[in-house]
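>
Residue numbers (this note's numbering): 12 to 323.
1) Taking all protein chains shown into account, do 16 or more other C-beta atoms lie within 10 angstroms of the C-beta of residue 93, making it buried, or fewer, making it exposed?
2) In chain order, which alpha helix (DSSP H) runs of at least 4 residues are fully inside the region 211-278?
3) With DSSP collapsed to three states, give me the class of residue 61.
4) Indicate the three-state DSSP secondary structure (helix, strand or coil) for residue 168 in the structure shown.
5) Determine the DSSP secondary structure at residue 7, reduced to helix, strand or coil.
6) Using a Cβ-Cβ cut-off of 7 Å (strictly less than) and excluding sequence neighbours within five positions of residue 243, which residues of its own chain qualify?
7) Just how far apart, CA to CA, sit residue 21 and residue 40?
8) Relative to the alpha-carbon of residue 85, which residue among 298, 316, 302, 303 has its alpha-carbon at the smallest distance?
9) Give the single residue among 229, 258, 166, 203 whose Cα lies nearest to the Cα of residue 105.
10) Distance, Cα to Cα, residue 220 vs residue 124?
11) Would the beta-carbon of residue 278 fall within 8 Å of that of residue 98?
12) Under 8 Å, do residue 203 and residue 292 count as touching if we go by C-beta distance?
13) Would you kindly check if the distance between the Cβ of residue 159 and the Cβ of residue 181 is under 8 Å?
14) Which value, in whole angstroms, describes the spacing of the CA atoms of residue 80 and residue 66?
15) Per the DSSP calculation, residue 31 is bridged to which residue(s)?
16) Is the beta carbon of residue 247 less than 8 Å from the beta carbon of residue 310?
17) Which residue comes first and which comes last in the alpha helix (DSSP H) that contains residue 155?
18) Might you give, ordered along the chain, the residues of its own chain that have their beta carbon closer than 8 Å to the beta carbon of residue 127, omitting 5 neighbours on each side?
19) May I have the straight-line CA-CA distance separating residue 120 from residue 237, to the nearest angstrom?
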């Protein structure tokens with residue numbers, strides 16, 4: 012082999028080595044991401060796809076024995092959207108979500124600001140605030156159902172000391188939803204306090220010191236220092252809170268079962284009843300998909316608006 016051929020061979024080998032090195036460098040991030048992609052596809056993507064397919068079929072208990080699920084297309088969606096109960100559940104879902112998130116966030120932010128100041132037993136009281144978050148939801152709903160009972164409930168007995176007549180918190184169609192919202196607010200406050208308190212701890216103290224030199228204290232400091240730095244955390248709290256609240260089932264079922272007269276029936280409880288009470292899994296899946304779309308739409312709109320605000 013001549014020296015010219017040897018040089019060409021070496022140059023070709025170097026080019027191949029460089030090419031493989033570049034390919035490996037580009038593929039490395041994807042290889043590290045592959046396990047996460049496979050996990051998400053298996054445990055999140057597949058159930059969602061299967062739920063969509065089920066919503067397009069007449070899927071009932073007989074399907075488990077015969078493996079036959081006739082294809083009905085959008086008939087399940089047409090049925091649930093034309094149902095008299097759909098508007099009621101949609102309105103109840105909106106009221107339940109807005110009412111819960113608004114008071115959870117406001118009270119949670121107020122408590123987070125309160126605990127930001129060091130005082131005796133601060134750590135103990137913060138840990139006690141987490142108790143509602145740690146108790147199983149079914150157990151919490153059972154306790155609150157007893158507390159709100161019209162005849163023997165502790166709340167009505169306390170109000171009776173002041174001459175207030177017994178209030179039908181969970182059996183009056185005009186009050187039941189408010190009662191359920193109140194319980195859900197109690198359950199959601201610890202989450203808001205924990206996340207917002209951690210966000211407040213991340214705000215540099217130097218900003219407050221510099222602001223105090225310019226007279227920025229109290230509300231002015233909160234508006235111009237605390238809130239802008241807390242906004243990313245607020246976005247997370249609001250989005251996660253709404254997504255969680257939209258799918259709340261156990262609290263409502265434990266307190267009222269969706270009654271009285273469907274006054275506390277939401278999209279989530281309606282989907283549960285369709286699937287596991289009436290065993291109409293096709294319509295239950297269709298309602299679940301509507302709920303997914305509503306949650307996704309809110310998350311996208313809110314994140315878009317929250318990203319636009321700082322630049323405007």
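C-beta: ideal position from N, C-alpha, C; glycine also. These numbers were taken from a predicted model, which means no experiment stands behind them.
For this structure:
1) Burial call: exposed.
2) Complete alpha helix (DSSP H) runs here, min 4: 216-224, 238-257, 261-266.
3) helix
4) helix
5) Examination of residue 7 is not possible in this model, given that the chain is present from 12 through 323 alone.
6) none
7) Low local confidence applies: a pLDDT of 48 at residue 21 is under 50, so the model's placement there is unreliable, with the coordinate-based value given in what follows. A straight-line Cα-Cα distance of about 30 Å links residue 21 and residue 40.
8) 298
9) 258
10) If you draw a straight line from the Cα of residue 220 to the Cα of residue 124, it comes to about 17 Å.
11) no
12) no
13) yes
14) If I take the Cα positions, the gap works out to 11 Å.
15) Answer is none; residue 31 lacks a bridge partner.
16) No; because the gap between Cβ atoms is not below 8 Å, this pair is not in contact.
17) Looking at the DSSP string, the run of the alpha helix (DSSP H) that includes residue 155 is 148-158.
18) 208, 211, 212
19) 11 Å
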